[in-house]
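In my numbering, the protein residues as written are 9 to 334. In this text, a Cβ means the ideal position worked out from N, Cα and C, and glycines have one as well. Here is the structure we will look at.
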Amino acid sequence: MPTDPIEELEERIGESRVTVEGFRIEPGKVEEFARSITDPLPAFRDAEAARAAGLEDVPAPLTYARVSRFPRYQAHDQGGYGFDLGFQPEYVLHGEQTYEFERPLTVGDVLTGTTTLSDVYQRDGGRAGTMTFAIYETTYRDQNDELVLTDRSTVIETEGAVDNGDDDAPASDDDDGASDVSAPDAESVETLQSLADASVGDTGPTVVVEDLERKHFVKYAGASGDFNPIHYDEPYARDAGNPSVFGQGMFTAGVASRVATDWFALADIDSFSVRFQSQVFPGDTIVATGEITDISDAGTVEVTLEAATAAGETLLTGTATATLEE
């Protein structure tokens, strides 16, 4: 439970502050982040490939704004989102994440982020006890004071470790054993650039990351700045009531974002949003897929996304939108 009463937290709704300063998009960091989410897209590594894709410079992956969590970019000493709500970090979960893009973030951008505490409320979480929700909205502006990205995060503090009811979650052994469930084959598709080539019901690429190891979570921590030890420190994770370390939700989201960036041109993507459902452990395989569910009169294509384990357990669901030419 938060250290402050919910009534006091509710009084803080609407507070805003500058939380990110001097957030420079750097080519080496973009490549490191792309590697950490297992994304091989050439545009994230090579300026010529980016220009061939219609961009002025190397773009950042869709979830790259997480890198702003590094202390050198933080304009405060509160950690996290810039508000000290008294949440216990070992019992904090990432519930939902949404990005709305005015344009892709690209190398050379220098961003400033202003965060607003949009809402705070509590719900009965059943096995998780009382759950306290905090919704943060961060707007990022570039060096020309132009809005480039709106980021909305829902953070949840539970009363204890969440019991997924999974008796097959990994135990404490040192080996990252691979699952004995066969993963589907990865499948690619052509980049969708015209509405004429899009139809409701079309499926996109299948992204597969097999046999996760703890090092995947460590690499993502180093690339993103998410150093919550629950993702890489085995004793810490178990002391908090978990069967093992587990992957960052945004690591899984980054893998799922590959469905959108493999399917659409980066410059066409308007939004990317996910809702987290369960944890991914060492030995699991992530399978991410997408399907077109709507095409608006304005030319906006809406896609539903899912990331699941090879055994079929849903890790997250989400949506992405892209605006295409006729």
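In the DSSP annotation of this structure, the continuous segment of the beta strand (DSSP E) that includes valine 311 starts and ends at 308 to 317. For aspartate 278, the enclosing beta strand (DSSP E) begins and ends at 277 to 284. In the structure shown, the three-state DSSP call for serine 24 is strand. In the structure shown, phenylalanine 141 adopts extended strand secondary structure according to DSSP, grouped into three states. With a 10 Å radius around the Cβ and a threshold of 16 neighbouring Cβ atoms, lysine 223 comes out exposed. Between the alpha carbons of glutamine 96 and valine 115 lies a distance of about 35 Å. The segment 55 to 71 makes no contact with the segment 210 to 220, as fewer than three CB pairs between them are under 8 Å. For serine 190, same chain residues with a beta-carbon under 6 Å away, outside a window of 5 residues either side, do not exist.
In the structure shown, arginine 222 falls within a helical segment according to DSSP collapsed to helix, strand and coil.
Exclusion of the five residues before and after valine 26 leaves Ala83, Thr122 as the residues of its chain whose Cβ lies within less than 6 Å of its Cβ. The three-state reading of DSSP puts valine 267 in helix, counting H, G and I together. By the 16-neighbour rule on beta-carbons within 10 angstroms, arginine 74 is buried. Residues of the same chain with a CB within less than 6 Å of the CB of isoleucine 14, apart from the 5 flanking positions on each side, are Gln130 in chain order. Residue environment: leucine 155 is assigned as exposed (fewer than 16 neighbouring CB atoms within 10 Å of its CB, all protein chains considered). The beta-carbon distance between proline 213 and valine 295, rounded to whole angstroms, is 11 Å. This is too long to meet the 8 Å contact definition. In this model, serine 207 and glutamate 221 are separated by some 37 Å (Cα to Cα).
By DSSP's assignment, threonine 123 forms a beta bridge with Arg25, Thr146. A check of alpha carbon separations from tyrosine 107 across Asp153, Thr162, Phe141 identifies Thr162 as the nearest. Around the Cβ of threonine 260, a 10 Å sphere holds 16 or more other Cβ atoms; the residue is buried. Lysine 227 is positioned such that its CB atom lies no closer than 9 Å to that of serine 24.
Per the DSSP secondary-structure output, phenylalanine 272 pairs in a beta bridge with Leu200.
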